[in-house]
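In what follows, a structure is listed as structure tokens, so that the remarks can point back to it.
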Ligand SMILES: Cc1cc2nc3c(=O)[nH]c(=O)nc-3n(C[C@H](O)[C@H](O)[C@H](O)COP(=O)(O)OP(=O)(O)OC[C@H]3O[C@@H](n4cnc5c(N)ncnc54)[C@H](O)[C@@H]3O)c2cc1C
């Protein structure tokens, strides 16, 4: 039998997180031999937003934009991204409301919204890295930890040994399962219904988070080359029991239900694109690192999408991991457990906070219990009335100033989680 090929770092999974990780690793560790393994071939190159009303999108925090800029990728994305100039958070039928925008005079963006196709297209440009070998389509079938290395059996019958295995194979991570790493799952009994919508009035860079008794909804401004600024990505949380009905609504029924729930902040809803839906569960891996192994992205934490934090958090994880690997003492193995534990410790607080915010947001804002209704309205009002608290909270959402999330919001989030 042929000897297995040997690399320093193998990244399994070429989704948003695996691809970003490969970029950061290649730049920071030019001496390392890196392999990215993805089971699917690359998708089609994106079409302009105007001709692709069905494209899915991601809200990027400014911290994430900074990282994409550092990777030299932002210049390919920025023309097709819509800036978020303000965020309005409100609770349907109640007084609590908070809005936020940054800077006086000319407004600085709080983040950007970009279609996943545009992001992936930019991230797929890896030809400039001599130390990267991109293997796709190729699946990893089996993972076998050995002394100081991990051995992977591949779908083409070959095998690969790596000093560090980065597992980024998504929320249903098969590799996590094969390694016997448990995960806790909170089923929200909700689905996110996702579609692009067009409306009468320009969005003017406003993003909306609206909370209803059935769950939160978000409306994120989209770039449109025609410059009308009247399209947005809708993420609408629906209880499982109502999903089938919601998908069966005609376009007119969907638009009129949406109008009722969202209100008139962008005028009349005129059009809705293809409706997709995702089951909503928070999945947290019980371990993030082992000798020669690290889990990233949805494989380690899959969050409720309403706060738009999953990919943003994963990028901060990747940045931290790559920083620790780049600082390693000469002679140490990339998969050394001390290094990987150092990474996990450094990122722990950010991960806990972000997971709690995403989970707490959904728990307290989906509840019809009177005491939670009161708490969330007080929470929104206190954010509105305390400028420093508000600054800290939004700084976290934007991926900047991670330690500044205001204690009052965290108390409310915890209270919502405990009271659910
Ligand atoms: C509706 C919705 C809206 C969202 N909006 C936002 C947002 O606005 N902002 C934000 O930050 N986050 C958002 N998120 C979260 C974000 O989409 C995820 O955090 C991110 O996509 C996770 O990427 P990933 O690479 O970890 O996983 P995946 O995208 O699942 O990628 C895993 C990859 O691994 C490959 N793979 C799996 N098994 C193998 C194998 N054995 N061998 C080889 N390859 C394999 C798969 O083919 C896949 O390409 C949203 C999520 C949802 C559902």
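In the numbering used here, the protein residues as written are -4 to 415. Beta carbons: idealized from backbone N, C-alpha and C, even for Gly.
Rounded to whole angstroms, what's the CA-CA distance from residue i to residue j? Just pull it up for me.
i, j, result
"residue 185", "residue 232", "6 Å"
"residue 4", "residue 221", "44 Å"
"residue 60", "residue 247", "37 Å"
"residue 354", "residue -2", "46 Å"
"residue 165", "residue 304", "15 Å"
"residue 404", "residue 348", "Unreliable positioning characterises residue 404 in this predicted model, as indicated by a pLDDT of 46, which lies under 50. The coordinate reading is nonetheless provided below. Spanning the two alpha carbons is a distance of roughly 11 Å."
"residue 345", "residue 291", "14 Å"
"residue 343", "residue 316", "12 Å"
"residue 455", "residue 213", "Examination of residue 455 is not possible in this model, given that the chain is present from -4 through 415 alone."
"residue 56", "residue 210", "23 Å"
"residue 273", "residue 170", "22 Å"
"residue 28", "residue 159", "11 Å"
"residue 37", "residue 131", "8 Å"
Classify residue i as buried or exposed, calling it buried when 16 or more other Cβ atoms lie within 10 Å of its own Cβ.
i, result
"residue 422", "As shown, the chain starts at -4 and ends at 415. That puts residue 422 outside it, with no answer to give."
"residue 287", "buried"
"residue 324", "exposed"
"residue 109", "buried"
"residue 152", "exposed"
"residue 167", "exposed"
"residue 226", "buried"
"residue 1", "exposed"
"residue 256", "exposed"
Could you please give the first and the last residue of the uninterrupted alpha helix (DSSP H) stretch that includes residue i?
i, result
"residue 112", "111 to 118"
"residue 27", "Note, residue 27: premise wrong, no alpha helix (DSSP H); not H, not E."
"residue 172", "169 to 173"
"residue 17", "11 to 23"
Compare the Cα-Cα distances from residue i to each of the options and report the closest residue.
i, options, result
"residue 177", "129, 295, 85 and 31", "295"
"residue 85", "235, 206, 318 and 215", "206"
"residue 297", "55, 182, 0 and 26", "182"
"residue 12", "318, 309 and 338", "309"
"residue 219", "200, 213, 237 and 236", "200"
"residue 53", "173, 215 and 128", "215"
"residue 312", "283, 327 and 330", "283"
"residue 293", "302, 301, 285 and 306", "306"
Pull the bridge partners of residue i from the DSSP assignment, please.
i, result
"residue 273", "187"
"residue 130", "32"
"residue 266", "193"
"residue 418", "A query on residue 418 cannot be resolved here, the shown segment of the chain reaching from -4 to 415 and no further."
Looking at the C-beta of residue i, does it have a partner C-beta in chain C at a distance below 8 Å?
i, result
"residue 73", "The displayed structure is made up of one protein chain only, and chain C is not part of it."
Beta strand (DSSP E) containing residue i: first to last residue?
i, result
"residue 86", "81 to 86"
"residue 6", "0 to 7"
"residue 230", "226 to 234"
"residue 418", "Any property of residue 418 remains undetermined from this structure, which presents the chain solely from -4 to 415."
"residue 318", "Looking at the DSSP string, residue 318 is not in any beta strand (DSSP E); the run it does join, the alpha helix (DSSP H), is 305 to 321."
"residue 136", "135 to 141"
"residue 203", "201 to 207"
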